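Protein chains in written order, with the working numbering: chain A, 1 to 399; chain B, 1 to 148. Built from N, CA and C at the ideal position, the CB exists for glycine as well. Predicted, not measured: the structure shown is a model, and the values here were computed from it.
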C-alpha cells in the first residue's frame, strides 16, 4: 500500500505563519460547513462512520469519545489537543506543528462544536517551546478572522514530564498540579478537566477531522484495514539512511516503511511505539502496520545487527523508571526493579532466576498499574524474552 | 452558583494556577526560590509542600539557581544510536563540568534529558529554548561560543 497525504496534506505547501495560504487549501471550509449545515450530532456521526481511532497510541474510536462527552450532562465542557509528544522516537507532531498549525486549530474547533465546548486547550510540551509563538499565532489569526467565535483556545505549555502525555496526567497539569495519573472511572468524557466532561485527542487525530467533514466519513473509511481506517504518520529514526516523517495508509507492511522508504540495512529489530512500544524482530518485518497488530503513536526506531538487545531494553527501562510519576507502586517500584535486573544482565551477572522475576514482575505491572505507562512498561522485556531469549541465556552463561 | 462550581472558576484563573505561576517565576528569576514558594503558598492559602510538590515534579522547573544558559543533551535511544555519548564527553571537556553541574562562572548548567523529539536529526540538544541538531564534536565549541 502506498504513501498518502491526508494529515500531511499542507505540510511544506502552506506558510505556517499565514492563514491566507491555509485558506487557499480549503482551510476552515470544514468549520464553515458544519456551522452552516450540520448539527453537532451529524458531525459526530460522520466521524464515527470514518472509523477514525486515536493516533496517540491507545486507538480509542474518536467518534465514540466525542459522543460520550456530548451526551454527558452539564453545559461546561472542554476539548483538549494533546501536543505533549514525549514518546521516545516520536516527532511527527513537531513536524505537523512546524508546518501546519492551522489544521490543528480547525480540528480542535470542530471537536468543540461537536462536543458542545466553548473552551479548548492545546497542551504543548516544554521541549517544543520554540513552536509556541507559531502555534499561538495560528490561534490568533483564526480568531481575528472570525473562525473562533464562541470558542476560545488557550495554548498551555508543559514543564518537562513524559507522563503528562497521558490524558489524565495532562489534565492534572493543565489544572496546575503534579502530572500524576488519575484513577478511572470516571473517564474524562464524564469528569475530565475540572471534573467537567472533556475530550482529549492527539494532534494527529484532530488533523484528520477537517477532511473527514469535507470528504465524508465514507471516503475516509475506504482507506486502511477493517479495524484501522485512514492513514498514520510515522516517525522513523535510528539505524536508517533516511530518517524522517512518513504518512502511510494503515495496513501497509512495516517493511515498506523501514526498508524501502527509510532505507535501512542489516536490521536486527524495530521498536514500534517507543519506550512503551513493542519490539519486532526483522523476521516479522512484513507485519502490517495497524491497530490490530502494532502501532502505538507511530514511533519506529530501527536497530541494526551491531546493537545489543539487552542494552536497548536496559535503556528503555531507565527512561521509564525516570519518567514514572510515582503515584502507583507497581510502576514506580517495578520499573526500578527492572532497571536493576537489566543492569546486572548487561554486566554479565544475570542469573536464570532473574528471568522468572522479570516475567512475574511484568505480569504484575501490566495488571495493576494505574495508567498506560506502567501497564505498557514491561513490553520491551516481555517481547525480547519472547524473540531474543538467547541473548539473555548467552549473557547468563557468560558468552 | 454552587460551591463546587465557584471553586472551579477560581481554579480556572491563571493567577491561581500553580504551574502557570511557577513557570512565570522561572522565566523571570531563572529559578524558583524557597522564599518565592513560601510567599506563593501563603497568598494561595495552600501548604508549602503543595507548591514544592509541583515545582519539583517537572524537569524544566529549577528549585536551585542554574547557570545563565541551560544545556540539555538528549540521551534517549535514537540519540544514543547516533553517539550522543561523544557529544556529552565533548561538552564535559569543553566546560570542565559533569551532568547536573554548573560552571563556576555561572555561564552554563549541563543536564542530560529524555527524548526531545528531534530524533530525525540526532544527536540533538536544547540550549535554553533553542534546538541544536546533527551535533558533532567539531560543532560544539562554536555553538557554545554563541551563548554568553
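- Across the structure, residue 143 of chain B and residue 39 of chain B are spaced so that their CA atoms are roughly 38 Å apart.
- Contact residues of the stretch 57-76 of chain B toward chain A are 57, 58, 59, 60, 61 and 76 (C-beta to C-beta distance below 8 Å).
- For residue 329 of chain A, the uninterrupted alpha helix (DSSP H) run begins and ends at 329-346, by DSSP.
- Residue 91 of chain A reaches chain B at 117, 118, 119 and 120, counting residues in chain order whose Cβ is nearer than 7 Å.
- Restricting attention to A/43, A/271 and A/93, the CA atom closest to the CA of residue 387 of chain A is found in A/271.
- Annotated as distal: residue 205 of chain A and residue 5 of chain A, with beta-carbon spacing of 9 Å or more.
- Under the 9 Å criterion on CB atoms, residue 23 of chain B is classed as interfacial with respect to chain A.
- Annotation for residue 41 of chain B: the continuous alpha helix (DSSP H) segment containing it runs 34-44.
- In the DSSP assignment, residue 109 of chain B falls outside any alpha helix (DSSP H) and within the unbroken beta strand (DSSP E) covering 108-113.
- Proximity to residue 315 of chain A across A/394, A/335 and A/255 peaks at A/335, based on C-alpha coordinates.
- DSSP, read as helix, strand or coil, puts residue 103 of chain B in coil.
- Contacts with chain A at 9 Å (Cβ-Cβ) do not include residue 102 of chain B.
- Rounded to whole angstroms, the Cβ separation of residue 188 of chain A and residue 134 of chain A is 27 Å, and the two are not in contact under 8 Å.
- Apart from sequence neighbours up to five positions away, the residues of its chain that approach residue 255 of chain A with a beta-carbon distance below 6 Å are 285 and 286, ordered along the chain.
- Not a single CB atom of chain B sits nearer than 9 Å to the CB of residue 3 of chain A.
- For residue 215 of chain A, the enclosing alpha helix (DSSP H) stretches over residues 203-215.
- Between residue 370 of chain A and residue 162 of chain A, the C-beta spacing is not below 9 Å.
- For residue 133 of chain B, the secondary structure class from DSSP, reduced to helix, strand or coil, is coil.
- Under the 9 Å criterion on CB atoms, residue 183 of chain A is classed as non-interfacial with respect to chain B.
- The alpha-carbon separation between residue 328 of chain A and residue 28 of chain A amounts to approximately 43 Å.
- In terms of Cβ geometry, residue 46 of chain B and residue 128 of chain B do not form a close pair [threshold 9 Å].
- Bridge partners of residue 61 of chain A according to DSSP: A/53.
- Taking the Cα of residue 123 of chain B as reference, the smallest distance to any Cα among B/74, B/146 and B/100 is reached at B/74.
- Taking a Cβ-Cβ threshold of 7 Å, none of the residues of chain A is close to residue 49 of chain B; the smallest such distance is about 11 Å.
- Sequence-distant Cβ neighbours of residue 132 of chain B in its own chain, meaning closer than 7 Å and more than five residues away, are 124, 125 and 143.
- Taking a C-beta cut-off of 8 Å against chain B, the contacting residues of the stretch 301-324 of chain A are 301, 303, 307, 312, 315, 316, 319, 322 and 323, listed in chain order.
- About 5 Å separates the beta carbon of residue 160 of chain A from that of residue 58 of chain B, a gap short enough to meet the 8 Å contact definition.
- The C-beta of residue 198 of chain A has 16 or more other C-beta atoms within 10 Å across all chains shown, which makes the residue buried.
- Interface criterion met: the Cβ of residue 131 of chain B is under 9 Å from a Cβ in chain A.
- Under the 9 Å criterion on CB atoms, residue 177 of chain A is classed as interfacial with respect to chain B.
- For the stretch 213-240 of chain A, the set of positions with a beta-carbon nearer than 7 Å to some beta-carbon of chain B reads 235, 237, 238 and 239 in chain order.
- Interface annotation for the stretch 23-48 of chain B against chain A: 23, criterion Cβ-Cβ distance under 7 Å.
- When the five nearest sequence neighbours on each side are left out, the beta carbons in the same chain lying within less than 6 Å of the beta carbon of residue 48 of chain A are those of 63, in order along the chain.
- Here residue 114 of chain A really is in contact with residue 70 of chain A; their C-beta atoms are around 7 Å apart, less than 8 Å.
- Annotation for residue 52 of chain B: the continuous alpha helix (DSSP H) segment containing it runs 48-57.
- Chain-order list of chain A residues neighbouring residue 83 of chain B: empty, with the shortest C-beta distance near 12 Å, by a criterion of under 9 Å.
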